[in-house]
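The sequence shown begins at 15 in my numbering and counts up one residue at a time.
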Amino acid sequence: MQTWQEFIEAEQQREYFQVLQARIAEAKVNGAVIYPPETQVFRAFELTPIEQVKAVVIGQDPYHQLGQAHGLAFSVERGVRIPPSLRNIYKAIQVDYPEVEIPDHGDLSAWARQGVLLLNTALTVEEGKAGAHSKWGWHEFTARALAFFATQKPAAYLLWGAHAQQVAAKALATTPFVAENLLLQSVHPSPLSAHKGFLECGHFRATNTWLQARQQPPIEWLPVANNGQKQGDLFTK
15 MQTWQEFIEA EQQREYFQVL QARIAEAKVN GAVIYPPETQ VFRAFELTPI
65 EQVKAVVIGQ DPYHQLGQAH GLAFSVERGV RIPPSLRNIY KAIQVDYPEV
115 EIPDHGDLSA WARQGVLLLN TALTVEEGKA GAHSKWGWHE FTARALAFFA
165 TQKPAAYLLW GAHAQQVAAK ALATTPFVAE NLLLQSVHPS PLSAHKGFLE
215 CGHFRATNTW LQARQQPPIE WLPVANNGQK QGDLFTK
């Protein structure tokens, strides 16, 4: 099975990616502040090797304020206020698993290390300008990444909002795992739409049920509270 690193290196040789890199470099020369830091742009792939991917969550573009983005969709660095959409994701998990405790941070690295690919469709953004790089070539890169992955193995796809659903529909059009993939669709967890069915979508328990049926360990979405003591070392480190 090809690695993500091999996939990325091959894409970097393509014309569209070289144009993308040139535009980002030019923006930096002109004084633009780009998020996430350069070392974290491909963090979703680094934390979740392709052979370990169990589930895929598709976001849009990175958070565009200082200290937020760190290469994982919906996730923020520790010490940063939990964004509204992520807070709603936590609430939906708690509907599925009332015994869990919502953490005081929005760092989803633990999900990535358990096999959840947290992939935005644009991997960089300019400070204060949401979606600034969304048409620079990232969408082609992530579409190709998803289409490539879809030929390798089945997975659970958690598709929140029209954007994620459209991206996945295109990427999965030729997958050999149509009958095996788990496709879970809902409205976006944004405060503007979460009340329209996201909070009760059941995607987190459904994903674990699917994984266990395939003899794979479930994902610890959030730590379990037990007599006031936090459990789940993944979330307390």
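Backbone N, C-alpha and C define an ideal beta-carbon position, used for all residues, glycine too.
In this text the structure is predicted, and so the values were computed from the model without any measurement.
Under a Cβ-count criterion, where at least 16 other Cβ atoms within 10 Å of its own Cβ denotes burial, should residue i be classed as buried or exposed?
i      : result
Asp75  : buried
Lys149 : exposed
Val192 : exposed
Leu172 : buried
Pro203 : buried
Ala24  : exposed
Gly120 : buried
Thr156 : buried
Leu186 : buried
Glu52  : exposed
Val71  : buried
Pro205 : exposed
Glu29  : exposed
Lys47  : The question names Lys, but residue 47 is Val in the sequence shown. So Val47 ends up on the exposed side.
Gly93  : exposed
Pro50  : buried
Ala211 : Checking the sequence, you will find Gly at residue 211 rather than Ala. It counts as exposed.
Pro97  : buried
Ala146 : buried
List the residues that DSSP assigns as beta-bridge partners of residue i.
i      : result
Gly73  : Asn134
Tyr49  : Val139
Tyr30  : Tyr30 pairs with nothing; no bridge assigned.
Trp174 : Ser200
Val238 : Val114
Expressed to the nearest angstrom, what Euclidean distance is found between the alpha-carbon atoms of residue i and residue j?
i      : j      : result
Gln82  : Thr138 : 12 Å
Ala208 : Trp152 : 27 Å
Glu234 : Leu196 : 18 Å
Lys6   : Ala220 : Examination of residue 6 is not possible in this model, given that the chain is present from 15 through 251 alone.
Glu214 : Pro190 : 30 Å
Asn44  : Asn222 : 47 Å
Leu225 : Ala170 : 8 Å
Gln16  : Phe163 : 10 Å
Val238 : Val33  : 46 Å
Lys167 : Arg158 : 15 Å
Thr135 : Gly73  : 6 Å
Val114 : Ala36  : 45 Å
Gln108 : Ile116 : 8 Å
Which whole-angstrom value is the C-beta distance of residue i and residue j, which I expect to be below 8 Å?
i      : j      : result
Glu141 : Leu80  : 7 Å
Arg57  : Leu86  : 6 Å
Val130 : Leu160 : That belief does not hold up - the Cβ atoms of Val130 and Leu160 are roughly 14 Å apart, past 8 Å.
Phe88  : Leu133 : Not really, about 10 Å apart at Cβ, beyond 8 Å.
Should the stretch 56-65 be called in touch with the stretch 92-102, which here means at least 3 C-beta pairs below 8 Å? The stretch 92-102 and the stretch 56-65 do not touch, with fewer than three beta-carbon pairs separated by less than 8 Å.
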